[in-house]
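**Student:**
Residue numbers (the working numbering): 5 to 158.
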């Protein structure tokens, strides 16, 4: 998963976990932040969600806790971790300002290599399209010649 997409998903998950924790303060019987609840609220595939939740739990963004008795086929639920408490305000500020969610500063060489790759791809693509156009033009010319022969014979 691309880095910026992963950060956007991470931002959405952290925001949703915070909302769920706030709801639970008001109503202790409200849903906890488990896989099914996050899946319904975020409309993200469970596969992507499981991978991201595992990474976030491993890095301390979230803390994985076990249900005493499993609910809705879920054994775990998540609460905000220390790293998540530090990172979420930064992500939220970037979202408000319309900035990229990239928390790292990529090296200039890496960026230029992406651009160079894109330019090379575009040039190859243009060449392929020009070749196809020439092929189609040749076919049209051939059909026009055949049409001219048929009209002459009639």
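C-beta atoms are modelled at their ideal positions from N, C-alpha and C, and glycine is treated no differently.
Only a predicted model underlies this, so the values are computations on that prediction, with no experimental measurement involved.
Going by Cα to Cα distance, which pick from 137, 81 and 66 is closest to residue 73?
**Tutor:** 81
**Student:** I need the straight-line Cα distance from residue 39 to residue 102, nearest angstrom please.
**Tutor:** One C-alpha to the other measures close to 29 Å.
**Student:** Contact between the stretch 51-64 and the stretch 13-30 is defined here as three or more beta-carbon pairs at a separation below 8 Å; is this criterion met?
**Tutor:** Yes: the two stretches touch, three or more of their Cβ pairs being nearer than 8 Å.
**Student:** Kindly indicate which three-state DSSP category residue 35 falls into: helix, strand or coil?
**Tutor:** coil
**Student:** Helix, strand or coil for residue 40, going by three-state DSSP, please let me know.
**Tutor:** helix
**Student:** Please decide whether residue 21 counts as near chain D, where near means a Cβ-Cβ distance under 8 Å.
**Tutor:** Any reference to chain D falls outside this structure, which holds one protein chain only.
**Student:** Can you give the Cα-Cα distance for residue 88 and residue 127, rounded to whole angstroms?
**Tutor:** 43 Å
**Student:** Identify the continuous beta strand (DSSP E) that holds residue 83 and give its terminal residues.
**Tutor:** 78-84
**Student:** Using only CA atoms, which one of 91, 151, 66 and 76 lies nearest to residue 44?
**Tutor:** Looking at the Cα atoms, 76 is the closest of the given residues.
**Student:** I need the straight-line Cα distance from residue 91 to residue 139, nearest angstrom please.
**Tutor:** Between the alpha carbons of residue 91 and residue 139 lies a gap of roughly 55 Å.
**Student:** What do you get for residue 5, buried or exposed, if any count of 16 or more other CB atoms within 10 angstroms of its CB means buried?
**Tutor:** Residue confidence for residue 5 is low, a pLDDT of 45 falling below 50, so the modelled location carries little weight; the figure read from the coordinates is stated next. By the 10 Å Cβ count, residue 5 comes out exposed.
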